[in-house]
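Here our numbering runs 19 ahead of the position in the sequence shown, where the first position is 1.
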Amino acid sequence: MTSSHPLQQGEIARRLGCDYAVFGFSHSVEVTIAVTLAGGVGIFGATRSTPDEIEDALRTIRAAVGRRPFGVNLVLPDGMPEHDDRAAIEAQIPEGHRAFVQSLRTEFGVPPSDKPGLRSRFVRSEEMAAQQMARVLAADVDIVACGIGAPAGLIEAAHARGKTVIALVGSPKHARSALAKGADILVAQGHEAAAHTGRIGTFSLVPQVVDLAGDVPVLAAGGVATGRHINAAFALGAQGVWCGTPWLLTEEYGLDPLLQAKLKAAGSDDTVISRADSGKTLRQVRTAWSEAWARPDAPAPLRMPYQDILVGDLLGAIDTHRVEPLMHYPASQGIAHFNEVSRVADVMRRMVDEAVQGYANVPG
Numbered sequence: 020m021t022s023s024h025p026l027q028q029g030e031i032a033r034r035l036g037c038d039y040a041v042f043g044f045s046h047s048v049e050v051t052i053a054v055t056l057a058g059g060v061g062i063f064g065a066t067r068s069t070p071d072e073i074e075d076a077l078r079t080i081r082a083a084v085g086r087r088p089f090g091v092n093l094v095l096p097d098g099m100p101e102h103d104d105r106a107a108i109e110a111q112i113p114e115g116h117r118a119f120v121q122s123l124r125t126e127f128g129v130p131p132s133d134k135p136g137l138r139s140r141f142v143r144s145e146e147m148a149a150q151q152m153a154r155v156l157a158a159d160v161d162i163v164a165c166g167i168g169a170p171a172g173l174i175e176a177a178h179a180r181g182k183t184v185i186a187l188v189g190s191p192k193h194a195r196s197a198l199a200k201g202a203d204i205l206v207a208q209g210h211e212a213a214a215h216t217g218r219i220g221t222f223s224l225v226p227q228v229v230d231l232a233g234d235v236p237v238l239a240a241g242g243v244a245t246g247r248h249i250n251a252a253f254a255l256g257a258q259g260v261w262c263g264t265p266w267l268l269t270e271e272y273g274l275d276p277l278l279q280a281k282l283k284a285a286g287s288d289d290t291v292i293s294r295a296d297s298g299k300t301l302r303q304v305r306t307a308w309s310e311a312w313a314r315p316d317a318p319a320p321l322r323m324p325y326q327d328i329l330v331g332d333l334l335g336a337i338d339t340h341r342v343e344p345l346m347h348y349p350a351s352q353g354i355a356h357f358n359e360v361s362r363v364a365d366v367m368r369r370m371v372d373e374a375v376q377g378y379a380n381v382p383g
């Protein structure tokens with residue numbers, strides 16, 4: 020492998036001190052560590068973690084990676100309720116929605132929930148967001164990444180503590196807002212992406228955000244799965260890539276074998292965008308879950324955090340009891356490039372080697 024690719028020699032790699040400007044997003048502490056040790060920048064997705072869990076996770080990652088740079092991501096949408104009060108949220112859920120969820124339990128034989136699910140063990144609220152942010156700001160973490168906006172004061176507080184702030188954007192409008200707030204790096208996340216994706220494709224979005232960003236570096240996200248995608252990102256003006264799907268089928272991620280089988284078999288057209296999990300758009304592998312919520316008789320998903328509380332316990336029971344038809348997972352359209360379980364380091368090496376070799380073979 021040569022050392023002439025901008026992935027290794029570009030501004031982001033020099034600024035952060037990483038080997039490759041490959042930002043690996045994951046909800047797994049183990050994957051975050053492995054991506055960072057493999058030369059990339061691991062980003063731990065902490066949105067569904069409690070403040071104590073965030074503190075413990077970031078401490079564990081730092082101990083494992085030494086002084087290599089890593090980050091944490093929080094999704095902090097506007098318009099959430101002030102307090103973490105599940106009873107108050109439940110009191111406002113329409114009876115028709117409750118009946119539909121119960122009908123799914125009956126239809127698919129889902130056992131009763133014996134504990135709150137990942138999405139319902141706390142309410143997405145201003146109160147919880149403030150507690151999560153406080154732990155992140157106090158932690159020894161280099162990067163704070165924000166999806167769906169950044170609350171007033173977060174960027175300034177992060178800068179005051181010497182942290183780099185990354186903003187994920189899905190449109191030129193979002194990019195302008197993030198730049199006005201002082202974000203250090205933008206992630207232009209295209210429609211192909213998993214999770215909370217927008218309507219503009221990666222190939223169209225990235226150059227628009229690059230043109231707006233000026234001297235602010237841009238990462239390309241949305242379907243990034245191979246070295247060819249990395250080289251395309253640089254051709255569009257990005258200075259690195261952000262990706263989560265490449266790590267799903269890794270030993271470190273450790274997904275349930277039933278979910279692994281679905282991901283291995285999935286092509287790009289086997290993913291679908293649904294609001295059924297949280298009320299926000301979420302690209303996931305198509306299953307009986309997404310199909311049920313797309314039925315003509317299904318109610319429209321509620322807005323966040325009401326949908327979280329409506330379905331959170333059911334989703335937890337589905338995974339605990341391994342109700343296969345309803346088990347699902349977020350994945351980008353790039354899932355088509357992955358059909359076997361690998362190690363994180365092997366995935367990183369394969370992507371980087373392909374990018375470097377392809378870059379070296381470009382005429383001129």
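All C-beta atoms in this analysis are idealised placements derived from N, C-alpha and C, irrespective of residue type, glycine included.
A Cβ-Cβ distance of about 7 Å is found for the pair Gly-259 and Leu-26, placing them in contact under the 8 Å criterion. Restricting attention to Ser-223, Ala-254, Leu-274 and Ala-179, the CA atom closest to the CA of Glu-359 is found in Leu-274. If you look at Gln-303, you'll find it in the beta strand (DSSP E) that goes 301-304. For Ile-31, there is no enclosing beta strand (DSSP E); the residue is part of the alpha helix (DSSP H) that begins and ends at 30-35. For the 8 Å CB-CB criterion, Leu-238 and Val-188 do not form a contact.
Shown here, Ile-354 sits in a helix according to DSSP, grouped into three states. One Cα belongs to Gly-128, the other to Gly-90, and the distance between them is close to 40 Å. Per DSSP, reduced to three states, the secondary structure at Ile-185 is strand.
Closest in alpha carbon position to Arg-86, among Asp-203, Ile-73, Val-60 and Gln-121, is Val-60.
If the five residues before and after Gly-298 are omitted, its C-beta is found closer than 8 Å to the C-beta atoms of Pro-320, Leu-321, Arg-322, Met-323, Pro-324, Tyr-325, Gln-326 and Asp-327, all from its own chain and listed in chain order.
Setting aside the 5 residues that flank it on each side, Gly-377 is surrounded in the same chain by Gly-246, Arg-247 and Asn-250, each with a C-beta closer than 7 Å to its C-beta; the list follows chain order. Taking 3 residues as the shortest admissible run, the stretch 69-136 contains the following complete beta strand (DSSP E) segments, listed from N- to C-terminal end: 90-94. Ranking Asp-203, Arg-34, Ala-257 and Thr-69 by CA distance to the CA of Arg-138 puts Thr-69 first. Remark: C-beta atoms of Asp-103 and Phe-141 approach each other more closely than 8 Å. By the criterion of a C-beta distance shorter than 6 Å, Val-371 is surrounded in its chain by Tyr-39, once the five residues flanking it on both sides are discounted. Our two residues, Asp-71 and Gln-150, have alpha carbons roughly 9 Å apart in a direct line.
Collapsing the DSSP output to three states places Gln-208 in a strand.
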